[in-house]
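First residue of the sequence shown: 0, per numbering that gives the first Met the number 0; consecutive thereafter. Backbone N, C-alpha and C fix where the C-beta goes; we use that ideal spot for every residue, glycine too.
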Amino acid sequence: MTEVELRVKPIKNGTVIDHIAGGQALNVLKILGISGTTDATVSVVMNVESSKLGKKDIVKVEDRELKEEEVNRIALIAPDATINIIRDFLVIEKHLVDLPDLIIGVVRCQNPSCISNTEEPIESRMLVKTKNPVVLRCVYCEQPITDRIADYLI
Ligand SMILES: [Zn+2]
């Protein structure tokens, strides 16, 4: 057994998100819409040693199989993340996150006068120009966003 397996108890059913860059687990939960009011059992392991990433975080959501479109949005801040769907302690599905071409309602535009930032804002829409590194561009005002994306999560 590796150190990681020892630290993180296996779950019976649910979703394991592995290979999240160290320190980003809470932003991953935010993107997934998992907050303090959720009734799902969620385990977060932060800053585990990883040969690939240096330090990594792991998120386990019990009794919930996250859909691909919900999970792919986390590639915004965790482009190396892997998703494992668990049923009866077995991994029945494993895939890498893959950022969609359009991100709706997840990242706020940096331009304060953009129509997505007005008093009655329309939902933010970001085109994904490149995936690694992540470069987004606002559909409405063409303002690019390239770094500190986590600071602009809605
Ligand atoms: Zn904009």
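Residues near residue i in its chain [Cβ-Cβ closer than 6 Å; skip 5 each side]
i, result
"H18", "K55, D79, A80, T81"
"I144", "Q109, L135"
"S42", "K59"
"E61", "I10, G13, T40"
"G32", "none"
"N83", "V15, V90, K93"
Paired residues, beta bridge with residue i - DSSP
i, result
"D56", "I19"
"C137", "M125"
"S159", "Only positions 0 to 153 of the chain appear in the structure, and residue 159 is not among them; the question remains open."
"I144", "L135"
"I103", "R124"
"V43", "V58"
"T14", "V60, I84"
Classification of residue i by the beta-carbon crowding that lies within 10 angstroms, buried from 16 upward
i, result
"S34", "exposed"
"L155", "Outside the modelled stretch of the chain, which goes from 0 to 153, sits residue 155, for which no answer is possible."
"I57", "buried"
"K59", "buried"
"S115", "buried"
"I103", "exposed"
Between the CA atoms of residue j and residue i - distance to the nearest angstrom
i, j, result
"V155", "I16", "Any answer about residue 155 is impossible in this case: the structure gives the chain only from 0 up to 153."
"N12", "A39", "12 Å"
"I121", "S112", "12 Å"
"L52", "A77", "11 Å"
"I148", "E68", "19 Å"
"N26", "I85", "22 Å"
"I91", "T37", "25 Å"
"G21", "S49", "9 Å"
"C140", "A24", "30 Å"
"K157", "D150", "Because the chain spans 0 through 153 in this model, residue 157 falls outside it and cannot be assessed."
Own chain residues within Cβ distance below 8 Å of residue i, not counting five before or after
i, result
"V105", "I30, R72, L75, S123, M125, L152, I153"
"P99", "E68, N71, R72, V127"
"D87", "K11, N12"
Chain-order list of residues whose beta-carbon lies under 7 Å from that of residue i (same chain, five-residue window excluded)
i, result
"N131", "P78"
"D146", "none"
>> If we require 4 or more residues per run, which alpha helix (DSSP H) segments fall completely within the region 50-100?
In response: 67-71, all fully within the region 50-100.
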